[in-house]
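All remarks here apply to the structure that follows.
There are 2 protein chains.
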Amino acid sequence: MKLADFTTLALGRLDPLFKQYLIGSSHSSEKLNEAIAYSVLNGGKRIRPLLVYLTGHAFNASLDSLDPAACAVELIHVYSLIHDDLPAMDNSDLRRGKPTCHKVFSDAFAILAGDALQTLAFEIIATHPAPLNANQRLKVIHVLSHASGIDGMAAGQAIDLLGVTTLDQLTKMYQLKTGALLNASVKLGIISANSESEQALTALQCFAESIGLAFQIQDDLLDIEGPKEITGKPQGIDNANAKITYPLLIGVEQSRQKVKDLFSEALDALEFLGKNGQLLREFADYLLHRKK
Amino acid sequence: MKLADFTTLALGRLDPLFKQYLIGSSHSSEKLNEAIAYSVLNGGKRIRPLLVYLTGHAFNASLDSLDPAACAVELIHVYSLIHDDLPAMDNSDLRRGKPTCHKVFSDAFAILAGDALQTLAFEIIATHPAPLNANQRLKVIHVLSHASGIDGMAAGQAIDLLGVTTLDQLTKMYQLKTGALLNASVKLGIISANSESEQALTALQCFAESIGLAFQIQDDLLDIEGPKEITGKPQGIDNANAKITYPLLIGVEQSRQKVKDLFSEALDALEFLGKNGQLLREFADYLLHRKK
Chain A
1 MKLADFTTLA LGRLDPLFKQ YLIGSSHSSE KLNEAIAYSV LNGGKRIRPL LVYLTGHAFN
61 ASLDSLDPAA CAVELIHVYS LIHDDLPAMD NSDLRRGKPT CHKVFSDAFA ILAGDALQTL
121 AFEIIATHPA PLNANQRLKV IHVLSHASGI DGMAAGQAID LLGVTTLDQL TKMYQLKTGA
181 LLNASVKLGI ISANSESEQA LTALQCFAES IGLAFQIQDD LLDIEGPKEI TGKPQGIDNA
241 NAKITYPLLI GVEQSRQKVK DLFSEALDAL EFLGKNGQLL REFADYLLHR KK
Chain B
1001 MKLADFTTLA LGRLDPLFKQ YLIGSSHSSE KLNEAIAYSV LNGGKRIRPL LVYLTGHAFN
1061 ASLDSLDPAA CAVELIHVYS LIHDDLPAMD NSDLRRGKPT CHKVFSDAFA ILAGDALQTL
1121 AFEIIATHPA PLNANQRLKV IHVLSHASGI DGMAAGQAID LLGVTTLDQL TKMYQLKTGA
1181 LLNASVKLGI ISANSESEQA LTALQCFAES IGLAFQIQDD LLDIEGPKEI TGKPQGIDNA
1241 NAKITYPLLI GVEQSRQKVK DLFSEALDAL EFLGKNGQLL REFADYLLHR KK
C-alpha cells in the first residue's frame, strides 16, 4: 500500500469517531460542543494520529485497535493548540487559516473547550470499543498523560513562555513542546499492537525524536521561506516577536543540514523493521519535505 | 472512629502524595511546578477526596486502595478552580483567602497549571501503586473523565458562563458544575472498594445528589449571611454580579427548608448501610451545618 492510500484510509476513521463523541448528551452545553467541534473538525495535518496508525500498522496491529490512541493523541494536540492560541499565551488570531477558537467563541469558551477535550481524550481511551485489554489501555493513558504533563508538553509550553536564548534551551523546548507527543505517538502504536520489545521501543523512539526535532527546525525554516498562503499563518511571525529559532541561532544552511542529518538518523533507526518500515520511511520523507 | 479522626487520618495522606507527584523531573519547568504546588497545597476543604475515602471505607476498602481516586478527584477540582478564577472566566482575585493562581503566576501559567493538573490526575490513576486491578483503574478513569467533561463539570461551567434565569436552569447548572464531581466521588469509592452492586450505586448516588445540591444552596445562603472572614471571599459577591441564586429565586426561608429536605433525603438513602453508614451521615451533617 502507498502512504497516500494508507493515510486516507487511516485518517478517514477520525472524523466519524470524533463526531460520535463531540455531540455530548442532553446535559451538555450546545455552545461548548460547538467550540469543541469547530476546533477538532477543522482539518489539520493530523500527524500524531497518523504516526500512531503507521507505527501500529508496522507491528501488524489492526486499525480499530489503534483508534482510541489515535483519537486521544489528536484531541490532546488540539486542546493544546486552543490554549496556546489564547491571548494570555501566544495570542494567535489564525489557526490553519481560520479564526482561532477564542476569536469565534470567547476566551472563556476556548479555555473550557480545551479542558473538555483533554478530558475526552482519556475517556475515549478508557471506553472506546476496540480490541485492547485493560492493561494496554492503562499503558496508553500512562504514556499519553506523561507526555503531555509537567514532564512533557506542558513543561515545553512553560519554557517557551519564559523565553529561550540558547540552542540547548531551544532544543529542549522543542523536544518537550512537540517532541514528547510525537514520541508518545509511536509508543502508543506499539502498545496498541501489543509488541513492546525493548528493541522496538528504543528504535521507534529514536525515529520519533529525530523526525520530531527535524519537523520543528523545518517549521522554523518554512517560517522564513514560506508565504502566508502556504503555512496558514502570517509570514515571519516568529521573527516579528523576536522569537529564537534554529536559523536565527545557527543560520539557514546549518539548519537545513541539521534537518538532513536528523532525517538520515530517523531512517537508520527503522532499518530493523525491513519491509514493514516502508510506510514510516515514506512518512518521514513527506514530513521533512513538506512546504507547509 | 469519629468523623474528625477519620478525616485527619484520610486527608493526611493527600499532601505527601501530592508533593511526590508535583515535583516533576529534571525536564520540568520550575515556575510551572510552583504554580501547581501553590494551588494544590493551599488547604481547602477537600470534600471530594474525603467523600471518596468515606464511601470506600463504608464498603470496607483500605485507605491505600482509595488514594489514586482521592488524589485524582481533588486535582481535577483544583484544576477547575484555577481555570474558573481566570479573568476570562469568573475573574476572582481571591481563593481560600489567598491571591488566586493567575494573580501570583500570570494568566498563562494558571492556564498551564490547570491543564497539567488535569493530566496528572489521570496519570496518577493509571500508575499510582495501590491494590487496584486494571479494570478498577479504567472504571475510575471512566467515571472521573465523564463527570468532568462535556456531560458534567465543563458543561456546568459553560451553562454558568452563559447565565441562568430559572430555578430549573440553576439546579441543572449546580448538578453539573459541582454535583457531577461529588457524585463521581462516591462512585469512585465504591469502584475502588470493588463493591459495585446496583443497590449501593443507586443509593450512594442519591446520597451524593442530595448533599451536592444542598451544599450549593447552603453556599448561596452563606454568601448572603456570612462575613468575608469566614467564607474567604468578599460577602455578597454573587448579588453584586447579579448572579442568580436559590435565595434570590425562592427566598431565604424556602432555601433553608430545601437544604433540610435534601439532608433528610440524603440520610434516608444511607439507611441500608446500617452502622457502616455512620461516618457518611456525620459528614452530611458537618457539610450542611458548616459556617464557611
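Sequences listed follow chains A and B, in order. Going by this note's numbering, the first residue of the first sequence is number 1, and it counts up by one from there. Going by this note's numbering, the first residue of the second sequence is number 1001, and it counts up by one from there. Heads up, the beta-carbon is just placed ideally off N, CA and C, and yes, glycines get one too. Since the model is a prediction, treat every value here as computed from it, not as a measurement.
Query	Result
Backbone CA spacing between alanine 130 of chain A and alanine 1158 of chain B [nearest angstrom]	31 Å
Helix, strand or coil at asparagine 1276 of chain B [DSSP, three-state]	helix
Any chain B beta carbon closer than 8 Å to methionine 89 of chain A	yes
Cutoff 7 Å; reference asparagine 42 of chain A; Cβ partners in own chain excluding five residues on either side	Arg96, Lys98
Buried versus exposed call for threonine 7 of chain A [16 or more other C-beta atoms within 10 Å across all chains shown]	buried
Close Cβ partners of glutamine 205 of chain A (< 8 Å) along its chain, the five nearest in sequence each way excluded	Asn183, Val186, Lys187
Own chain residues within Cβ distance below 7 Å of aspartate 107 of chain A, not counting five before or after	Leu86, Pro87
Proximity winner among B/Leu1032, B/Ala1147, B/Asn1194, B/Ser1192, relative to tyrosine 1174 of chain B (alpha-carbon distances)	B/Ala1147
Cβ-Cβ distance between alanine 214 of chain A and phenylalanine 263 of chain A below 8 Å	yes
Exposed unless 16 or more other CB atoms sit within 10 angstroms - verdict on threonine 100 of chain A	buried
Residue-chain proximity (histidine 1289 of chain B, chain A), Cβ-Cβ < 8 Å	no
As assigned by DSSP and simplified to three states, the class of lysine 291 of chain A	coil
Residue from B/Ala1193, B/Gln1020, B/Leu1014, B/Asp1151 whose Cα sits closest to the Cα of proline 1049 of chain B	B/Leu1014
Contact set between lysine 187 of chain A and chain B, taken where Cβ atoms lie within less than 7 Å	Residues of chain B passing the Cβ test: none, with the nearest at roughly 14 Å.
Between the CA atoms of lysine 1291 of chain B and serine 29 of chain A - distance to the nearest angstrom	33 Å
Where the alpha helix (DSSP H) containing asparagine 1135 of chain B begins and where it ends	1134-1148
Burial state of serine 197 of chain A (16 or more Cβ within 10 Å)	exposed
Closer than 8 Å to chain B by CB, arginine 137 of chain A	yes
Whether aspartate 115 of chain A touches lysine 103 of chain A by CB criterion (8 Å)	no
Residue burial classification, leucine 1138 of chain B (beta-carbon count within 10 angstroms, cutoff 16)	buried
Cutoff 8 Å; reference methionine 89 of chain A; Cβ partners in own chain excluding five residues on either side	His83, Gln157, Leu161
Same chain only: Cβ atoms within 7 Å of leucine 32 of chain A, ignoring 5 sequence neighbours per side	Phe109, Leu112, Ala113, Ala116
Residue nearest to serine 1192 of chain B in terms of C-alpha spacing, selected from B/Gly1149, B/Ile1036, B/Ala1072, B/Leu1011	B/Ala1072
Contacts that glutamine 118 of chain A makes with chain B (C-beta to C-beta distance below 8 Å)	Asp1115, Gln1118, Thr1119
Cβ neighbour criterion (16 or more within 10 Å) applied to threonine 247 of chain A	Before going on, a small fix: residue 247 of chain A reads as proline here, not threonine. Proline 247 of chain A comes out buried.
Interface partners of leucine 86 of chain A on chain B, CB under 9 Å	Ala1088, Asp1107, Ala1108, Ile1111
Minimum C-alpha distance to threonine 127 of chain A - residue among B/Asn1135, B/Ser1080, B/His1128	B/Asn1135
C-beta neighbour in chain A for lysine 1031 of chain B, strict 8 Å	yes
Cβ of leucine 162 of chain A within 8 Å of any chain B Cβ	yes
Residue from A/Gly189, A/Asn194, A/Ile150, A/Leu167 whose Cα sits closest to the Cα of isoleucine 250 of chain A	A/Leu167
Alpha-carbon to alpha-carbon, leucine 1054 of chain B and alanine 1069 of chain B	12 Å
Residues that DSSP places opposite arginine 1095 of chain B in a beta bridge	B/Lys1098
Interface partners of serine 145 of chain A on chain B, CB under 8 Å	Thr1119, Leu1120, Phe1122, Glu1123, Ala1126
Host alpha helix (DSSP H) of proline 247 of chain A (start-end)	246-250
8 Å Cβ cut-off: residues of chain B touching glycine 97 of chain A	Those within 8 Å of glycine 97 of chain A in chain B number zero; the least Cβ separation is about 24 Å.
Per-residue DSSP class, three states only, for isoleucine 191 of chain A	helix
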